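To convert, note that position 67 of the sequence shown is 67 in the UniProt record's numbering; the numbers rise steadily by one, no gaps. Have a look at the structure below before the remarks.
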Amino acid sequence: MEISLLTDVGQKRTNNQDYVNLFVNRAGRTMIILADGMGGHRAGNIASEMAVTDLGVAWVDTQIDTVNEVREWFAEHLEIENQKIYQLGRDEAYKGMGTTLEALAIIDNQAIYAHIGDSRIGLVRGEEYHQLTSDHSLVNELLKAGQLTPEEAEAHPQKISSPSLLDKKMRFNLI
């Protein structure tokens, strides 16, 4: 398996609010964590770095070796991290900061991931790409409900993430 990590500031922003890193725990299990600070919010870069670093530090100190243990770890640690970012975001200097989050653990020949927001996880096999996640956004919900066409969704002004690590009550997918 080849693993590459890369972020890009894109064409609209002057600062990169993405943060990505790879961590290996004491059982030799790999976790890749990517966070994209919310661009319109103050301190998005701080939220994304904080989420990746805190979760990574917690991961390397584990002996987790099964998919079920990862599932339990995600449920516990994503909630803890959400509360940390939410609390810091109440400070005036960081008000409204937030981030999306993608975390993927590799256990033997299996991968388990957590998905929050509108960053994406995909699988590349040979020349084929398969998107594994769907965006947590108002526009995506409208698209799934048949209230928007794909063309309307692509041009919609609110096609940004809604749930993120900043919400008092966070929603995430574990797959």
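Cβ atoms here follow ideal geometry from the backbone N, Cα and C, with glycine treated the same way. On a predicted model such as this, the values are computed, not experimentally measured, just so you know.
For Y129, the enclosing beta strand (DSSP E) starts and ends at 128-131. Here the stretch 99-108 makes contact with the stretch 17-36; the two share three or more CB pairs at distances below 8 Å. If only complete runs of 3 or more residues are kept, the stretch 66-129 shows the beta strand (DSSP E) at 99-107, 110-116, 122-125, in order along the chain. Counting the other Cβ atoms within 10 Å of the Cβ of E152 gives fewer than 16, which makes it exposed. At a Cβ-Cβ threshold of 7 Å, T133 and I116 do not count as neighbours. Contact between W73 and T62 holds: CB atoms are separated by about 7 Å, below the 8 Å threshold. G37: member of the beta strand (DSSP E) spanning 30-37, first to last residue. Contact between the stretch 84-104 and the stretch 45-52 is established, with three or more Cβ pairs separated by less than 8 Å. For L55, the enclosing alpha helix (DSSP H) stretches over residues 44-60.
For N21, the uninterrupted beta strand (DSSP E) run begins and ends at 18-24, by DSSP.
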